[in-house]
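Chains as they are written, first to last, in our numbering: chain G, 1 to 911; chain X, 912 to 1294; chain A, 1295 to 1484.
Comments concern the structure below.
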Amino acid sequence: MANADCVVIQGSNMAECHPVGFQWVSEAKARGARVIHIDPRFTRTSAIADTHVPVRAGTDVVLLGAIINHVLSNDLYFHDYVVAYTNAATLVNEDFVDTEDLDGVFSGYDPRTGTYDNASWAYEARADTDGEIQEPAGDDEPESRTRARAAGQELGSYGAPLEHARVVRDETLQHPRTVFQILKRHYRRYTPQMVRDVCGIPEEQFYEVARAITDNSGRERTTCFAYALGWTQHSLGAQFIRAAAILQLLMGNMGRPGGGIMALRGHASIQGSTDIPTLFNLLPGYLPMPVAGEHDTLEDYLSQIASPLQKGFWTESPAYTASLLKAWFGDAATPDNDFCFDYLPRLTGAHGTYQTTMAMLDGEVEGYFVVGQNPAVGSAHARMQRLALGHLKWLVVRDLQLIETATFWKDSPEIATGEVRTEDIQTEVFFLPAATHVEKSGTFTQTQRMLQWRHQAVRPPGEAQSELDFFYELGRRMRDKLAGSTDERDRPLLDLTWDYPQDEHGEVDGEAVLREINGSHLTGEKAGELLSSFTQMRADGSTSGGCWIYTGVFAGGVNRSANRVPRHEQDEVAAQWGWAWPMNRRILYNRASADPQGRPWSERKKYVWWDEEAGRWVGKDVPDFPVDRDPSFRPAPDDGGPAALAGDDPFIMQADGKGWLFAPKGMVDGPLPTHYEAQESPVDNPLYAQQRNPSRLIFPRKDNLWSPSGEEPGSDVYPYVFTTYRLTEHHTAGGMSRWLPYLSELQPEMFCEVSPELAQEVGLENGGWATIISARSAIEARVLVTDRVRPLTIAGRTLHQIGLPYHWGIGRDAVVEGDSANDLLGVVLDPNVHIQESKVASCDIRPGRRPRGEELLRLVSEYQSRAGTTAATAHERVDEVPPEMARRRAAAGAPGETGSTSATADTEGTG
Amino acid sequence: MGYLARQLAGRTDPAPDAGWQEAPERKGFFTDTSICIGCKACEVACKEWNAIPLDGLTLSANSYDNTGGLGASTWRHVAFVEQSRERIAEARESGRRLVELGMPGMGAPPAAVGGAPAGGSPAGYGTPPAPADGHGPDLRDMLASSTASRAGTSIAAGTAGASGAASPGTTVDGTPMVGALPDFRWLMASDVCKHCTHAGCLDVCPTGALFRSEHGTVVVQADVCNGCGYCVGACPFGVIERRTDAAVSVREDGHVPDVGIAQKCTLCYDRLTDDQTPACAQTCPTTSIRFGTRQEMVDIARERVTELHEQGFTEARLYGANDDDGVGGTGSVFLLLDEPEVYGLPPDPVVPTAKLAEMFRKAGLAGVGLLGAAALAFVGRRP
Amino acid sequence: MARKDSTFLGWPVLRQLATGDLLGRGASVTSRRTREVTPRTSTSDRVVQSVCPYCAVGCGQKVFVKDEKVVQIEGDPDSPVSRGRLCPKGAASEQLVNSPSRQTHVLYRPPGGTQWQRLDRDTAIDMIAERYLESRRNTWQELDSKGRRVRRTMGIASLGGATLDNEENYLMKKLYTASGAIQIENQARI
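Here it is in structure tokens:
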């Protein structure tokens, strides 16, 4: 980031949430870079930025789309980069129909399920290939398959699979079905005027931002984007990021120093917990969890991950999968039994945390482990979370402090309102004290994919222990209890490799686990040796490895995550500090930092280049490319995998080696980012008849009500927009901050931030109390009246936004407590990654504290009835369109008729 | 200047004056508020290192400031000031006048280069200076690399026909760092004990609890202080205070240490004995707080204020860097973006004992006959 | 305020004269405690390199240990990620570790109970293992409603992982998956 010439921070409050990371922005600024902060609120990040652009929460696609439009209509894109490295020149097949023609949906939409069949988004296939361009096997239910996996999350490290790479390209970019022309047409109506009316950004300010980006991109300069949860926590969050990716590809800012899109993640190992996922839909290394009926055999499974004819390293997934299964099931896993592939449980849909919460309410879940998280405060619709906990048979909470999730049974707000009684809660609760980061050794993977080993400093106090020790011990006891079982279902547990060395205190050796993750040779001369690269993995069972992308972290038997060569003793890439996956690369796709012939785009932005004499890629980083592949190399038509990468295919994890402006696969809610309003919005979508993302995941239930939007009757009952966020002084749901006196003192009370105009409108006083009411709940907060929150003019109307930090919760154990902003939120999810929309919703605000006891419930229901909200409100998948449009949509490949579904017909939110 | 006079006012090196032979060079802070992000890491690191109790747990409703000000249990304090366009205009103007009055090291701002941005205007404060030693690259290196990268750009951009950017007042893309006045700004500033050259608290302390350290800093010895409180009234900045029992313990046993005892920043006296950086400067994520010899701090501060003025941020001014002020300059030097009062700092602090030497001299002359030569020799002898 | 110096030569007045600190504001008035002060970062038994547990920037930390107790945590100047700096949360890490309110005992709340009870850790883990296996038995699905093989339990769920080590997440995912539990989630989706 320090090398950027322009840094656009959007959807992130970087200075507050990542203060130390922000030093790199400061350093870029010291080198003369411009810093632009686009955010609904003026924050501590805005205070340091060159420009702050206030924006209406949830409208980022309009702004980014308008910049894309500006870049395309004025020929400001980086032409050579775009033609060579992106799919701009690639033709899309004839069946594709854009949202511009279907008033807000793409071709392939099925309104009954709210899902897309993405067949019509595919690339045009080259005529010289025969009829083998087929979808992989088991394709009779394409929508349920794409929906069931959280597709975008699964594709965390690479693009979606394609059947082949034999695409048709028009490098003049003129053919109307080139991605370039489709893009141009798609964003034509995203204009500065639209930005003004939808986002509330004046035209002059739009041009200032657009110019900053275009002036600071190209051969000589690069622009970097940084985002965080301000982009992800939306019902189309993944598309926000896609929009930025499109812009960055057009400007040639990917794979180059000072470019890219930085995801600023909020937890020490949140990257690691996706790489080695504690996530329902993934196995380690972004291998998907198998799905019932589609992945019945290993062969079915592998054929759907990647076609052998596509380009790149993902074609080696059979080796990664076999190595994982060997690591888990050891000698029991053999080629003859598909390496125990049958032992893996199967998915039948989405089993994310919110679906699970609702399953708890329905009595389907008996036991729940909560490990270093505080859903009673930190998850959306926290009230629903707390009520769900009371339906469990048993709950295990592992934490440092007695967080609200552990004490819900005695001091949750629902006890205060009289909804539940402690004596009636039948949940058995175990609280087990956890070890802190200095009381165990292990790795965190930080936000730039770097693993850093922590050495243990002291032993955990009292009965506290690490997760490593606890889960190892739990597994050992379960296996002991099952020993001798002849029940076939117990085989996976009994065959599990579960024998790790322990020290004299009984603590598990974390390095032994990291070695297993790295993987080893199992047979032959090198048997027992650790793998040095995932390219050594084999599909025949001769290698093991628990997470292929981490292979190399223990190369040569050396724990490379513990590398700590001081920064003064190495160059600025600092490759000898920690270890970044894959293969210690610091910038992904860095082949793109050189031109198609392999020369640096410019001296100033030199990073990785082709050394003609040596016949190798060289530079400041580990080249993210086959190191000896000549830039002029062209693969044979039938090649697949790494061999099929041409010398100018820098995006080696994409199935066609190119950066995707248009996503023919991989996104479940459309190949191009399209603006939809949030689940709750004060305005009607000015771009399309379709108000909300038609593919968002909805949960029509009586305990998940929404405000009407836009012109719908009742929307004025909740006239204000609120957004939730973090403060520097606290950490998420407060488990690691509200119990610490020094942090609590700095932000002791829950507050709301309002503009002076709104304060005057409703009679709020600085320092006084306010009650904020949403369609789900009501909370109270102290009032900060501040110019940092500005009313926006949206389509001629004044719109007020309210800021709510979400760190506080009700319990008696913390140093400070307060109402939780998450109580106000409902549950609606982005369909790609199943993240909830917490950055924008509707509310009312009034002076004074909230009522106590039952009165609180009455207040909430009084609002609900005034607004006339029911379980059907805001749960329409598609909005009414004229019959002619409905016909057109139906003709565009989707089964069923539009407008015929009502949400109440669905009892479940997901397929 | 007389021995006593020098001891109580004007330019001097305070550690040798206090009897330290071969004292190390005087130490100090430079707090550059133009790059402060208000994270309060300094407050926490200070409290954690010095095991300071809590000041209270109430929301002040004064922007993001909930610790209120420096006191017995808050030795670093971050102020938050929200300002409108009018106030920014006044600050810019008042700073410009300071230059005209001949503030050292500052020239007039250059004319804006290139076109101003179409709309809006920069809210931030240009380039932050580099971190202090052991804390990242050296300032001068960074300024040099900044110049080099601009030069590289402007050559390349020249051929590409893009806007050139060679002036220190513009970003890489040639945009002036200062455009039209912003509508709003949010100032953050970390305050701390000034460690005055002439420290009122020290000069009035009757017990020797306050002392001038070999580093030129002013430190309270809790084991000596009897809580008389003379120092509290003698500090022109209102920094030092006695700890009351309203402080809240952070310990398991509920104990609050040193109740009734005067407390303030020690400039991490203990850490300095082993050549370590004070806790606040060590942690500061943006190097807004820097630590070094006082002379180095003043030099960097001057360089920085000049740079900001060249960029057009004429609101920038230094505080505490003038050795001829009422306290003989301070060990903690600040770069402010508005009048000191805006941050709760006195505009013209004067040590209450400044005139003591003169008073003593007159009293001494009057009492010559009564006190005799020995007394005169003791008090008024020239060094 | 008794001075510790007991010898005649330690008398302040003599020190004032001897050092030239005639006004008694410097070297002559230091107490023994002041003269002997040493930072605890210099007297620790060992210093361990670690990483901040809060956000994902991954700032380096130096952990100072004395008598098997953490006495100080501060930024690691060697780290190219953070260059020795920490934010307020990172700077409060020592308090996180030594927090007086930190729980170090296993607690148990029986169904319908109104108070916590103490429970021996060994017993607690054993009870959890029993409940895990029992819930797994109660809710085992060999086939789903469409007759497809799923071999899993929907009766056991887990939340958490983003604050944990990779090795811990790995063991959790491995154990959960082998036992047939699939509702495994963490903060990455919240």
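Glycine included, each C-beta is placed from N, C-alpha and C at the ideal position.
**Prompt:** Taking the C-alpha atoms as reference points, what is the distance between residue 952 of chain X and residue 1336 of chain A?
**Reply:** For the purposes of this step, residue 952 of chain X is taken as the residue at position 41 of the second sequence. For the purposes of this step, residue 1336 of chain A is taken as the residue at position 42 of the third sequence. Within the model, the alpha-carbon separation for residue 952 of chain X versus residue 1336 of chain A is close to 22 Å.
**Message:** Please list, in chain order, the chain A residues whose beta carbon lies closer than 8 Å to that of residue 1185 of chain X.
**Reply:** Residue 1185 of chain X sits at position 274 when you count from the first residue of the second sequence. Under the 8 Å cutoff, chain A gives 1332, 1333, 1335, 1336.
**Asked** How about residue 15 of chain G: is its C-beta nearer than 8 Å to some C-beta of chain D?
**Response** Judged by its chain identifiers, the structure shown contains no chain D, and its protein chains are G, X and A.
**Message:** Taking beta-carbon pairs under 9 Å, can you tell me which members of the region 436-458 of chain G lie near chain A?
**Reply:** Those would be 436, 437, 438, 439, 440, 441, 442, 443, 444, 445, 446, 447, 448, 450, 451, 452, 453, 454, 455, 456, 457, 458, in chain order.
**Message:** For a minimum of 3 consecutive residues, which ranges assigned as the beta strand (DSSP E) are wholly contained in the region 1191-1275 of chain X?
**Reply:** The qualifying runs are 1200-1204, 1228-1230, 1243-1247.
**Prompt:** Whose Cβ in chain X lies nearer than 8 Å to the Cβ of residue 786 of chain G?
**Reply:** Taking the first sequence and counting its residues from 1, the one referred to as residue 786 of chain G is at position 786. Those are 974, 993, listed as they occur along chain X.
**Prompt:** With 8 Å set as the bound, which would you pick, yes or no: does the beta-carbon of residue 780 of chain G sit closer than that to a beta-carbon of chain X?
**Reply:** Counted from its first residue, the first sequence places residue 780 of chain G at position 780. Not closer than 8 Å to any Cβ of chain X, the Cβ of residue 780 of chain G fails to qualify, so no.
**Prompt:** Looking at the C-beta of residue 949 of chain X, does it have a partner C-beta in chain G at a distance below 8 Å?
**Reply:** If you number the second sequence from 1, residue 949 of chain X lands on position 38. Judged by the 8 Å Cβ criterion, residue 949 of chain X is in contact with chain G.
**Message:** Judging by CA-CA distance, which residue of G:631, G:430, G:214 is the nearest neighbour of residue 247 of chain G?
**Reply:** Start at 1 with the first residue of the first sequence, and residue 247 of chain G comes out as number 247. The candidate whose alpha carbon is nearest that of residue 247 of chain G is G:214.
**Cβ-based neighbour list, residue 744 of chain G, same chain, cut-off 8 Å, excluding 5 preceding and 5 following** = Counted from its first residue, the first sequence places residue 744 of chain G at position 744. Same-chain partners within the cutoff: 737, 738, 814, 815, 816.
**Item:** Same chain, Cβ closer than 7 Å to residue 385 of chain G, five either side skipped, listed in chain order
**Value:** As a first step, residue 385 of chain G is located in the first sequence; it is residue number 385 there, counting from the start. These residues qualify, in order along the chain: 357, 375, 376, 379.
**Prompt:** Exposed or buried, which one is residue 1266 of chain X when buried takes at least 16 other CB atoms within 10 Å?
**Reply:** The residue you call residue 1266 of chain X lines up with position 355 of the second sequence. Counting Cβ neighbours within 10 Å, residue 1266 of chain X comes out exposed, since fewer than 16 surround it.
**Message:** In whole angstroms, give me the CA-to-CA distance for residue 1155 of chain X and residue 917 of chain X.
**Reply:** The count along the second sequence starts at 1 and reaches residue 1155 of chain X at position 244. The count along the second sequence starts at 1 and reaches residue 917 of chain X at position 6. Each residue's alpha carbon lies about 35 Å from the other.
**Request:** For residue 1086 of chain X, decide whether its Cβ has a neighbour in chain G, counting only Cβ atoms nearer than 8 Å.
**Result:** The residue labelled residue 1086 of chain X in the question sits at position 175 within the second sequence. By this cut-off, residue 1086 of chain X is an interface position.
**Item:** Partner residues on chain X for residue 1323 of chain A, Cβ-Cβ distance less than 7 Å
**Value:** Taking the first residue of the third sequence as 1, we reach residue 1323 of chain A at position 29. The answer, in chain order, is 1119, 1122.
**Message:** Spatial neighbours of residue 851 of chain G within its chain, please: C-beta separation below 6 Å, excluding the five flanking residues on both sides.
**Reply:** Mapped onto the first sequence, residue 851 of chain G falls at position 851. The answer, listed in chain order, is 859.
**Prompt:** With distances taken from CA atoms, which of G:412, G:322, G:396, G:436 is nearest residue 428 of chain G?
**Reply:** By one-based count along the first sequence, residue 428 of chain G stands at place 428. Measuring from the Cα of residue 428 of chain G, the nearest candidate turns out to be G:396.
**Message:** Can you tell me whether residue 1129 of chain X is helix, strand or coil according to DSSP?
**Reply:** Taking the first residue of the second sequence as position 1, residue 1129 of chain X is located at position 218. Secondary structure at residue 1129 of chain X: strand, using DSSP grouped into helix, strand and coil.
**Message:** Against chain G, with Cβ distances strictly below 8 Å, would residue 1360 of chain A count as a contact?
**Reply:** Sequence index remark: in the third sequence, residue 1360 of chain A carries index 66 (1-based). No - not a single Cβ of chain G is within 8 Å of the one on residue 1360 of chain A.
**In chain order, each alpha helix (DSSP H) run of at least 4 residues that lies wholly inside the region 444-504 of chain G** = 467-482, 491-495
**Residue nearest to residue 1185 of chain X in terms of C-alpha spacing, selected from A:1330, A:1398, A:1319** = For this step, residue 1185 of chain X is matched to residue 274 along the second sequence. Checked all of A:1330, A:1398, A:1319; the closest Cα to residue 1185 of chain X is A:1330.
**Asked** Taking Cβ-Cβ distances below 9 Å as the criterion, which residues of the region 1091-1116 of chain X are in contact with chain G?
**Response** 1093, 1094, 1095, 1096, 1097, 1098, 1099
**Prompt:** When you compare each of A:1352, A:1443, A:1325 to residue 271 of chain G by their alpha carbons, which one comes out closest?
**Reply:** Position 271 of the first sequence, counted from the start, is the residue given in the question as residue 271 of chain G. Of the listed residues, the one whose Cα sits closest to residue 271 of chain G is A:1352.
**Request:** Measure the Cβ-Cβ separation of residue 497 of chain G and residue 662 of chain G and say whether it is below 8 Å.
**Result:** The residue labelled residue 497 of chain G in the question sits at position 497 within the first sequence. The residue labelled residue 662 of chain G in the question sits at position 662 within the first sequence. No; because the gap between Cβ atoms is not below 8 Å, this pair is not in contact.
**Message:** Assuming residue 1110 of chain X and residue 1129 of chain X are in contact, meaning their beta carbons sit under 8 Å apart, how far apart are those beta carbons, in whole angstroms?
**Reply:** Working through the second sequence from its first residue, we reach residue 1110 of chain X at position 199. Working through the second sequence from its first residue, we reach residue 1129 of chain X at position 218. Contact flag correct, Cβ pair sits at about 5 Å.
**Request:** Give a yes or no on whether 8 Å exceeds the smallest Cβ distance from residue 1350 of chain A to chain X.
**Result:** Here residue 1350 of chain A refers to the residue found at position 56 of the third sequence. Answer no: the Cβ-Cβ gap between residue 1350 of chain A and chain X never drops below 8 Å.
**Prompt:** When you compare only the Cα positions, how much space is there between residue 1258 of chain X and residue 1249 of chain X?
**Reply:** Within the second sequence, the letter at position 347 stands for residue 1258 of chain X. Within the second sequence, the letter at position 338 stands for residue 1249 of chain X. Rounded to the nearest angstrom, the two C-alpha atoms are 11 Å apart.
**Request:** Verify whether the separation of the beta carbon atoms of residue 650 of chain G and residue 625 of chain G is less than 8 Å.
**Result:** Within the first sequence, numbered from 1, the residue matching residue 650 of chain G stands at position 650. Within the first sequence, numbered from 1, the residue matching residue 625 of chain G stands at position 625. Yes. Within cutoff.
**Prompt:** When you compare only the Cα positions, how much space is there between residue 1170 of chain X and residue 1318 of chain A?
**Reply:** Along the second sequence, read from residue 1 onward, the residue named residue 1170 of chain X stands at position 259. Along the third sequence, read from residue 1 onward, the residue named residue 1318 of chain A stands at position 24. So the alpha carbons of these two residues sit roughly 25 Å apart.
**Asked** Is residue 1398 of chain A close to chain X, meaning its C-beta is less than 8 Å from at least one C-beta of that chain?
**Response** Start at 1 with the first residue of the third sequence, and residue 1398 of chain A comes out as number 104. Taking Cβ atoms only, chain X never reaches closer than 8 Å to residue 1398 of chain A, which makes this a no.
**Message:** Taking 8 Å as the threshold (C-beta atoms), are residue 1411 of chain A and residue 1401 of chain A in contact?
**Reply:** Numbered from 1 along the third sequence, position 107 holds the residue referred to as residue 1401 of chain A. Numbered from 1 along the third sequence, position 117 holds the residue referred to as residue 1411 of chain A. Taking 8 Å as the Cβ cut-off, residue 1401 of chain A and residue 1411 of chain A qualify as a contacting pair.
**Sequence-distant residues of its chain with Cβ nearer than 7 Å to residue 762 of chain G (five each side left out)** = Reading the first sequence from its first residue, position 762 is the one you call residue 762 of chain G. 845, 846, 847, listed in sequence order.
**Message:** Can you check whether the C-beta of residue 1379 of chain A is within less than 8 Å of a C-beta belonging to chain X?
**Reply:** Working through the third sequence from its first residue, we reach residue 1379 of chain A at position 85. Chain X, which has a Cβ nearer than 8 Å to the Cβ of residue 1379 of chain A, makes this yes.
**Message:** Could you tell me the alpha carbon to alpha carbon distance between residue 7 of chain G and residue 1140 of chain X, rounded to whole angstroms?
**Reply:** Here residue 7 of chain G refers to the residue found at position 7 of the first sequence. Here residue 1140 of chain X refers to the residue found at position 229 of the second sequence. Roughly 51 Å between the two C-alpha positions.
**Prompt:** With a CB to CB cut of under 6 Å and the five nearest residues on each side skipped, what residues in its chain are close to residue 72 of chain G?
**Reply:** Counted from its first residue, the first sequence places residue 72 of chain G at position 72. Contacts found: 184.
**Asked** Using DSSP with H/G/I as helix, E/B as strand and the rest coil, what is residue 1099 of chain X?
**Response** In the second sequence, counting from the first residue as 1, residue 1099 of chain X sits at position 188. Of the three classes helix, strand and coil, the one that applies to residue 1099 of chain X here is strand, per DSSP.
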